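In the working numbering, the protein residues as written are 45 to 270. Yeah, the Cβ is synthetic: ideal placement off N, Cα and C, and Gly gets one too. Quantities reported herein were computed from a predicted structural model and do not represent experimental measurements.
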């Protein structure tokens with residue numbers, strides 16, 4: 045028999061559950077942060093909008109430095125020369141190649157890869173909508189000191205999740221090019237190249253890539269005499 049003034053079993057149980065909930069909540073945020081949406085991107089002034097949504101988080105892309113920009117321009121121009129032309133091209137053609145295009149893979153995954161490509165057989169014309177909602181066939185990210193973990197881990201996992209067939213990482217710090225090929229268990233490393241090498245990398249095998257040139261310091265042609 046419970047003495048007068050002492051809590052009963054049911055009241056003890058209720059108090060215990062309340063205290064347990066309070067203890068469990070100690071050190072945790074009061075409420076879960078709401079995932080970023082496309083509206084959050086649109087709220088940023090267009091001239092300042094260099095952002096992505098990665099796993100529901102609004103992330104600002106790193107500012108492009110000289111080395112980053114030279115690598116991006118060098119790689120994009122040499123591939124476009126052969127693969128980005130129209131039907132009259134002597135090269136393979138057959139691709140749309142775009143820099144800094146906003147691509148929506150899902151509501152919580154909106155990326156702006158440094159370079160992206162689509163086979164024209166899958167995407168006959170460039171879409172006018174923003175963001176693009178057609179999965180690219182090739183993506184290349186140029187690493188910066190502040191975005192390495194995003195491109196090498198978070199976006200890497202999601203590019204595989206959304207079945208991007210070819211993913212390239214160009215690293216100006218290590219001066220390497222890494223080429224990944226999609227397989228069901230995970231990305232397969234198809235090629236790693238460094239300074240001093242010339243390679244043919246899928247899916248653009250018709251192009252010979254001079255790794256030195258990608259980092260902006262290929263040797264000039266020998267001057268002609270006379």
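Close-in-space but distant-in-sequence residues of the same chain around residue i (CB under 8 Å, 5 per side omitted)
i, result
"residue 193", "none"
"residue 198", "98 and 99"
"residue 243", "221, 235, 237, 252, 253 and 255"
"residue 250", "126, 127, 135, 136 and 244"
Rounded separation between residue i and residue j - CA only
i, j, result
"residue 259", "residue 79", "37 Å"
"residue 70", "residue 100", "Bear in mind that the predicted position of residue 70 carries a pLDDT of just 45, short of 50, making it unreliable; the figure below should be weighed with that in mind. Taking the straight line from one Cα to the other gives about 25 Å."
"residue 119", "residue 95", "23 Å"
"residue 237", "residue 157", "21 Å"
"residue 149", "residue 178", "8 Å"
"residue 82", "residue 175", "9 Å"
"residue 229", "residue 214", "23 Å"
"residue 165", "residue 140", "10 Å"
"residue 216", "residue 187", "7 Å"
"residue 207", "residue 92", "30 Å"
"residue 137", "residue 245", "16 Å"
"residue 226", "residue 196", "15 Å"
N-terminal and C-terminal residue of the alpha helix (DSSP H) that residue i is part of
i, result
"residue 152", "From DSSP, residue 152 is part of no alpha helix (DSSP H); its letter is neither H nor E."
"residue 238", "Careful: residue 238 lies outside any alpha helix (DSSP H), inside the beta strand (DSSP E) at 232 to 238."
"residue 258", "255 to 258"
"residue 86", "82 to 86"
For residue i, the first and last residue of its enclosing beta strand (DSSP E)
i, result
"residue 204", "Run containing residue 204: none in the beta strand (DSSP E); it sits in the alpha helix (DSSP H), 199 to 205."
"residue 101", "101 to 104"
Close beta carbons around residue i, own chain, < 6 Å, minus the five adjacent residues each side
i, result
"residue 160", "142, 145, 180 and 183"
"residue 271", "Here the chain has residues from 45 to 270 only, and residue 271 is not among them."
"residue 231", "204 and 224"
"residue 241", "255"
Three-way DSSP call (helix, strand, coil) for residue i in this model
i, result
"residue 208", "coil"
"residue 119", "helix"
"residue 96", "strand"
"residue 178", "coil"
"residue 215", "strand"
"residue 221", "strand"
"residue 242", "strand"
"residue 195", "helix"
"residue 124", "helix"
Same chain, Cβ closer than 7 Å to residue i, five either side skipped, listed in chain order
i, result
"residue 84", "102"
"residue 202", "149 and 153"
"residue 163", "138, 139 and 181"
"residue 257", "118"
Per DSSP, cross-strand counterpart(s) of residue i
i, result
"residue 160", "142 and 183"
"residue 251", "None; residue 251 has no bridge partner."
"residue 147", "155 and 176"
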